[in-house]
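J.:
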Amino acid sequence: MDVTPTFFCDVHIAREAVKQLQNKGIDIDHSGDVGLSDADDDELLMYAIDNNRVMVSCDDDFIRLHNQYQQSNHKHSGIVYFRMNDQCKSISIVVKEILFLHEAASYQTDLF
């Protein structure tokens with residue numbers, strides 16, 4: 066069973082972080098590259114779900130959306146949340162953490 070995650074970032078994640086991750090072989094898309102720069106959070110999460118991608122954002126609305134999904138027994142592929150005021154501003158933190166999650170995916174018990 067392949068558990069290698071694929072990722073989808075909203076506009077809050079720096080494109081440079083996405084490029085660095087892509088250069089390291091991570092399957093990651095940016096909302097601006099798929100025509101969703103102006104999409105609302107619900108649309109972004111639906112895109113991630115439809116494409117079996119983990120949502121990556123610094124927008125705390127995704128915490129609310131995650132809670133709504135749990136309460137209504139809906140599933141998504143996961144949400145990675147970076148704090149806006151510090152973590153999200155650091156490309157190196159975003160890259161390091163996504164690389165860690167990608168590596169950890171080979172150990173299913175670490176993610177599920």
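The opening residue of the sequence shown carries number 66 in our numbering; numbering runs sequentially from there. Where a beta carbon is used, it is the ideal one built from N, C-alpha and C, also for glycine.
(1) If we ignore side chains and look at the alpha-carbon of each, how far apart do VAL160 and ASP124 end up?
(2) Beta-carbon separation of VAL121 and ILE78 under 8 Å?
(3) Does DSSP put MET66 in a helix, in a strand, or in coil?
(4) With distances taken from CA atoms, which of LEU101, ALA82 and GLN135 is nearest ASP92?
(5) Apart from the five residues just before and just after VAL119, which ones in its own chain have a Cβ nearer than 8 Å to its Cβ?
T.: Let me lay it out:
(1) Going from the Cα of VAL160 to the Cα of ASP124 covers about 17 Å.
(2) It is a contact, given that the beta carbons lie within the stated cut-off.
(3) Unreliable placement is indicated for MET66, whose pLDDT of 46 sits below 50; the coordinate value is still reported in the next sentence. Of the three classes helix, strand and coil, the one that applies to MET66 here is coil, per DSSP.
(4) Checking every option, the nearest Cα to that of ASP92 belongs to ALA82.
(5) Only residues of its own chain outside the window of five on either side were considered, and among them PRO70, THR71, PHE72, PHE73, ALA113, SER142, GLY143, ILE144, VAL145 and LEU166 have a CB closer than 8 Å to the CB of VAL119, listed in chain order.
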